[in-house]
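To get this note's numbering, take the position in the sequence shown, counting from 1, and add 5.
Even glycine gets a Cβ: it sits at the ideal position worked out from N, Cα and C.
Being a predicted model, the structure only gives us computed values, none of them experimental.
What follows is a set of notes on a single structure, which appears directly below.
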Amino acid sequence: MRVLGGAWRGWCVPLAGMAAGCSLATLRPRVAERDFFPLTPNSRWEYAVSRHAGTEKFRFVAVVRPDDFRTADGRACAIVDEQYGAETERFPVIYCTESGFLHRIMSLEYRGETLEDNGLRSGELKFLPTDLRHAGAWEGLTNAYRLPDGSGFEVQQLHHVHPGPERVVVPAGVFPRCIRVETTAIHSAVDGGGTRTGPRVIYYYSDWYAPGVGLVKTEQRGSDAELVATIELIRYVVGSGSHS
């Protein structure tokens, strides 16, 4: 999933409308369409994250809440709570679908048990196609944050689906029919007019998704092709049923 929505790969562009008013035609994807990224209620994934040649290790957990996030016009989107390491704090990520893609809103936070907009306009457009099996290549764009003057930090993501199923072995088991997505992520600051400024930082990602399971493995590499981090699925439960 390019998991670690709040701390791993980056965040969105004018998704302020999605978070505050949700002006996009957001609908929950059908189960058959999201076979490689199931978002059924009470689903849970636990991952082992290793960075810097194993010198930094922690666990990452993602849980789909049984309730929905409701947009301004009453449409429903899935809420996934993320937790990192031993932290008890939950970081909500909202998944909505429009025009054949999942999009992520990451500009919300918990205040008590209520989701409130933090004003950073963080999120990701075109995170993943709803029909990954027949996807080819696409471009996504994320905002880490956007300030009132329009400046901020964004990530341009170039995705390509590698043809053919691949076998992946992780602590959670053997997954023989994975789809691999290769991503080039170009990180850069932007000025108030939306122009990219300063040096660019580029990372490369390989993500393996298993049908009916979701993300099972990620590898992150730097511009020199050296392995920077890995994420591997430890255990998972995919819930049954549907959201209200």
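Contacts around residue i, its chain only, beta-carbon distance under 7 Å, and the 5 residues preceding and following it disregarded
i: Glu237; result: Tyr52, Ala53, Val175, Pro176, Lys222
i: Pro216; result: Asp40, Phe41, Arg182
i: Val242; result: Ser48, Arg49
DSSP state of residue i mapped onto helix, strand, coil
i: Leu107; result: strand
i: His57; result: coil
i: Arg70; result: strand
i: Leu113; result: strand
i: Leu238; result: strand
i: Arg138; result: helix
i: Gly145; result: strand
i: Pro168; result: strand
i: Leu44; result: coil
i: Glu87; result: strand
i: Arg182; result: strand
i: Ala230; result: coil
Whole-Å CB distance - residue i paired with residue j, under 8 Å assumed
i: Ile84; j: Arg70; result: 4 Å
i: Gly128; j: Thr102; result: Not really, about 14 Å apart at Cβ, beyond 8 Å.
i: Leu120; j: Glu144; result: Rounded, the Cβ-Cβ distance is 29 Å, inconsistent with contact.
Buried or exposed (CB count within 10 angstroms, at least 16 for buried), residue i
i: Ile110; result: buried
i: Leu130; result: buried
i: Ile99; result: buried
i: Glu159; result: buried
i: His139; result: exposed
i: Ala30; result: Any reading at Ala30 must be qualified, since the residue scores a pLDDT of 31, below 50, and its modelled position is unreliable; no value is offered.
i: Gly141; result: exposed
i: Val218; result: buried
i: Gly157; result: buried
i: Val173; result: buried
i: Ser104; result: exposed
i: Val179; result: exposed
i: Ala67; result: buried
i: Tyr115; result: exposed
Cutoff 6 Å; reference residue i; Cβ partners in own chain excluding five residues on either side
i: Glu224; result: Ser211, Thr235
i: Ile191; result: Gln161, Arg205, Ile207
i: Gly244; result: Thr45, Pro46, Asn47, Ser48
i: Glu165; result: According to the sequence provided, residue 165 is His. The question's Glu does not apply to it. Here the set comprises Ala142, Glu187.
i: Thr202; result: Ala194, Asp196
i: Trp213; result: Val173, Cys183, Arg185, Val221, Lys222
Same chain, Cβ closer than 8 Å to residue i, neighbours up to 5 away in sequence not counted
i: His167; result: Ile184, Arg185, Val186, Glu187
i: Val233; result: Arg56, His57, Tyr208, Gln225, Arg226, Gly227
i: Gly117; result: none
| query | So, do the region 211–230 and the region 192–203 have three or more beta carbon pairs nearer to each other than 8 Å? | reply | Contact between the region 211–230 and the region 192–203 is absent: fewer than three C-beta pairs spanning the two stretches fall below 8 Å.
| said: Is it the case that the region 126–146 contacts the region 72–87, given that we only count it when at least three CB pairs across the two stretches are under 8 Å? | reply: Fewer than three Cβ pairs drawn from the region 72–87 and the region 126–146 lie within less than 8 Å of each other, which leaves the two stretches out of contact.
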